[in-house]
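Student: Residue numbers for the sequence shown follow the working numbering, so the first one is 46 and each next one is one higher.
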Amino acid sequence: MFSNQPSTQKVLSYIENSQIELAIDELTRLPRVDKEFTYKLLEIIRGLDNEIHEAHRAKGRAIAQAVKLNTSKLEQQNEQLKTEISSLQAQIKEISVKYGPKPERTESSYNEYLYSSSK
């Protein structure tokens with residue numbers, strides 16, 4: 046692709062293709078870099094830095110949105126489960142009253158029963 050001679054054009058090409066390691070290697074081989082090239086390189090680096098920061102912010106926003114959505118779903122599920130539990134508890138109580146063990150009759154309660162039924 047390129048000759049073996051180090052060049053600023055190679056450095057720029059490597060950077061634009063996200064081949065940072067190759068760009069650094071090429072930079073270390075350059076005998077002397079002029080100001081214009083240095084400014085161009087700084088401009089590219091700043092652009093990349095801004096893109097990286099924006100990507101991190103976007104990632105943070107996406108994570109926050111996902112957490113909010115999941116929290117909302119979990120709260121809805123929690124309310125549904127509470128409703129189901131209440132319904133099941135009512136059914137259990139109804140069944141236990143209808144089919145559960147009858148209270149044992151003590152002698153005094155039996156006497157009360159006999160007395161009330163004899164009237």
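Backbone N, C-alpha and C fix where the C-beta goes; we use that ideal spot for every residue, glycine too.
Taking only the alpha-carbon atoms, compute the straight-line gap between D18 and N95 and give it to the nearest angstrom.
Tutor: With the chain covering only 46 through 164, there is no way to say anything about residue 18.
Student: Span of the alpha helix (DSSP H) holding V142?
Tutor: Counting along the chain, the alpha helix (DSSP H) containing V142 begins and ends at K80 to Y144.
Student: Quick one: grab the DSSP three-state call for L67.
Tutor: If DSSP states are grouped into helix, strand and coil, L67 belongs with the helices.
Student: Straight-line CA distance for Y59 to A103?
Tutor: Taking the straight line from one Cα to the other gives about 26 Å.
Student: How is the alpha helix (DSSP H) around S33 delimited, first residue to last?
Tutor: Summary: the structure shown does not reach residue 33, with the chain confined to residues 46 through 164, and so no result is reported for it.
Student: Can you give the Cα-Cα distance for S63 and S117, rounded to whole angstroms?
Tutor: The alpha-carbon atoms of S63 and S117 are separated by roughly 40 Å.
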